[in-house]
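Q: Residue numbers (this note's numbering): 112 to 359.
Note that CB positions come from ideal geometry on N, CA and C, so glycine has one too.
Right under this line is the structure:
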């Protein structure tokens, strides 16, 4: 019987620690499938963040390095410059990348470092009790904005993809979502393209992934998926912000 669907080899076959309904696991699988299909597992090096995905080094079969909070782009830069033939990616949440790591991601992008960044945006600090993140939506209640995010007090949400797209260094930036099957398939295409951009030596690539956090949102997994579509996408529109031409 022909095998039409199986677990990717680049993903370790172990239970993950994520909350039910969290889409980190889906994002991991898409990365692993892209690594398999591009046949780059043996030369791929990932950089793990601080946050809910801090121990994703347990889940990928490729080499992984743990970075300090927000410093993954700097670590990835060092690895890539020392090992230019390797494929280097970071996996970061919005607290890691868009708060303490803001300067790191901006300067890696403006230098056009030939690395790939997978940026998980769930509009909240997931691991540390659900505080407001730089991406938290206006009016969104968190443990540090119990009455909702107020722009007069807390400022406005940061649109990372749009911000980085103003720089000259990035080669490819796209925002995708994991809220249904059709968008998951499109997210897979974006992740794979980001790796291909790096393999082609084009420079910095980033895929922003709109993800869920049912636990800290206080929603069921199903309602969390609906929130992504109804509330997140209107503020964080999907699409390509910096395109890269690649031969098929």
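Give me the Cβ distance between residue 205 and residue 253, rounded to the nearest whole Å; I'm assuming they're in contact under 8 Å.
A: Not really, about 12 Å apart at Cβ, beyond 8 Å.
Q: If we call anything under 8 Å between Cβ atoms a contact, is residue 167 one with residue 139?
A: yes
Q: With a Cβ-Cβ cutoff of 8 Å, do residue 249 and residue 257 count as a contact?
A: No, these two residues do not count as a Cβ contact at 8 Å.
Q: Could you tell me whether the stretch 144 to 157 touches the stretch 326 to 342, using the rule of 3 or more Cβ pairs below 8 Å?
A: no
Q: So residue 199 is in the beta strand (DSSP E); what residue range does that whole segment cover?
A: 198 to 204
Q: Which complete alpha helix (DSSP H) runs does the stretch 242 to 298 hold, if anything under 4 residues is left out?
A: 262 to 265 and 271 to 276
Q: Among 129, 133, 116 and 115, whose alpha-carbon lies nearest the alpha-carbon of residue 333?
A: Of 129, 133, 116 and 115, the residue nearest in Cα terms is 133.
Q: The alpha helix (DSSP H) spanning residue 333 covers which residue range?
A: 332 to 338
Q: With respect to the beta strand (DSSP E) encompassing residue 189, which residues constitute its N-terminal and C-terminal limits?
A: That residue, residue 189, is in no beta strand (DSSP E); its alpha helix (DSSP H) goes 183 to 193.
Q: Out of 312, 136, 162 and 130, state which residue places its alpha-carbon closest to the alpha-carbon of residue 242.
A: 162
Q: In this structure, does DSSP put residue 350 in helix, strand or coil?
A: strand
Q: Comparing alpha-carbon positions, which option in 180, 224 and 304 lies nearest residue 354?
A: The candidate whose alpha carbon is nearest that of residue 354 is 304.
Q: Is it true that the CB of residue 239 sits closer than 8 Å to the CB of residue 251?
A: no
Q: Quick check: the Cα distance between residue 349 and residue 219, rounded to an integer number of angstroms?
A: 23 Å
Q: Quick check: is any heavy atom of the ligand COA less than 7 Å from the C-beta of residue 219?
A: The ligand COA is not part of the structure shown, which contains no ligands of any sort.
Q: Taking residue 286 as the reference, which of 279, 280, 278 and 270 has the closest Cα?
A: When only C-alpha atoms are compared, the closest one is 270.
Q: Determine the burial state of residue 296: buried for a count of at least 16 other Cβ atoms within 10 Å of its Cβ, exposed for fewer.
A: exposed
Q: Per DSSP, what are the beta-bridge partners of residue 309 in this structure?
A: BP columns for residue 309 are empty, so no partner.
Q: Work out the CA separation of residue 323 and residue 343 for me, nearest whole Å.
A: Those two C-alpha atoms are separated by around 10 Å.
Q: What are the boundary residues of the beta strand (DSSP E) that includes residue 174?
A: 174 to 177
Q: Using 8 Å as the Cβ pair cut-off and three pairs as the minimum, do the stretch 220 to 231 and the stretch 305 to 315 touch?
A: As far as the Cβ criterion goes, the stretch 220 to 231 touches the stretch 305 to 315, which means the pair count is three or higher.
Q: Are residue 141 and residue 302 close, meaning C-beta to C-beta below 8 Å?
A: Yes, the pair counts as a contact, with Cβ atoms nearer than the cut-off.
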